[in-house]
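Counting from 42, one number per residue, gives the positions in the sequence shown under our numbering.
Quick reminder that beta carbons are idealized off the backbone N, C-alpha and C, glycines included.
Let me begin by presenting the structure, written as structure tokens, before commenting on it.
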Amino acid sequence: MKICVFLSAADLDDRYTRPAREFAELLGKGGHTLVWGGSDVGLMKVVADGVQAAGGRLLGVTVDFLAAVARADADEMVIARDLAERKALLLEKADAVVIMVGGTGTLDEATEILELKKHGKTDKPVVLLNTAGFYDGLKEQFRRMEDEGFLPRPLTDLVFFAEEAVGALAYLEESQGTR
Numbered sequence: 042m043k044i045c046v047f048l049s050a051a052d053l054d055d056r057y058t059r060p061a062r063e064f065a066e067l068l069g070k071g072g073h074t075l076v077w078g079g080s081d082v083g084l085m086k087v088v089a090d091g092v093q094a095a096g097g098r099l100l101g102v103t104v105d106f107l108a109a110v111a112r113a114d115a116d117e118m119v120i121a122r123d124l125a126e127r128k129a130l131l132l133e134k135a136d137a138v139v140i141m142v143g144g145t146g147t148l149d150e151a152t153e154i155l156e157l158k159k160h161g162k163t164d165k166p167v168v169l170l171n172t173a174g175f176y177d178g179l180k181e182q183f184r185r186m187e188d189e190g191f192l193p194r195p196l197t198d199l200v201f202f203a204e205e206a207v208g209a210l211a212y213l214e215e216s217q218g219t220r
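What follows is the structure in structure tokens.
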């Protein structure tokens, strides 16, 4: 399976990097391909390193202004014109999406895939990996949106919330019939 992971390129502490390494190792050992923003820095590097070390493939999608921090030894690297094209290519090349901890870019990517699902433009499974409770507030907000009628589809049709890496990958494999 080609799994797109939206996540931070920041250097983060162990409460975020340890679970990211665990997920990356599971992904690689499962023979999956990481589809990611292509950066070789921060949490993006942690996940790419883990996937590659465990035998998985790396498919990066970067933009020209970030090419200097792109991973040189990825199995494939695509350079997009801008961030909008990058986001479209990441989603196009993936069978499933995992949203890990991140900042505004990650949140932008997450809401894009959820909006596409909401309107029936994709049926790719989406997992929000809630490492160290990072997305507790967002999860609460999504539930409020559902409860108050802002979502035309049940929240469970849009996203699966996982607290641990093993649950995230298990959900994706089950949804794709590979488990």
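Simplified DSSP assignment, three categories, for residue i
i           : result
residue 100 : strand
residue 42  : coil
residue 109 : helix
residue 74  : strand
residue 47  : strand
residue 90  : helix
residue 217 : coil
residue 68  : helix
residue 161 : coil
Limits of the unbroken alpha helix (DSSP H) element including residue i
i           : result
residue 201 : Element bounds for residue 201: not the alpha helix (DSSP H) but the beta strand (DSSP E), 201 to 203.
residue 170 : It is not in any alpha helix (DSSP H) - residue 170 instead sits in the beta strand (DSSP E) that spans 167 to 170.
residue 189 : From DSSP, residue 189 is part of no alpha helix (DSSP H); its letter is neither H nor E.
Beta-carbon separation (whole angstroms), residue i vs residue j, contact threshold 8 Å
i           : j          : result
residue 76  : residue 58 : Their Cβ separation, rounded to whole angstroms, is 20 Å, which puts residue 76 and residue 58 out of contact at 8 Å.
residue 199 : residue 64 : Not really, about 21 Å apart at Cβ, beyond 8 Å.
Within 7 Å, strictly: CB atoms of residue i and residue j
i           : j           : result
residue 82  : residue 50  : yes
residue 92  : residue 78  : no
residue 206 : residue 168 : no
residue 121 : residue 130 : yes
residue 175 : residue 196 : no
Span of the beta strand (DSSP E), counted from its first residue to its last, around residue i
i          : result
residue 82 : Neither: residue 82 is in no beta strand (DSSP E) and is coded neither H nor E.
May I have a chain-ordered list of the alpha helix (DSSP H) segments no shorter than 4 residues that lie completely inside the region 109 to 157? 124 to 134
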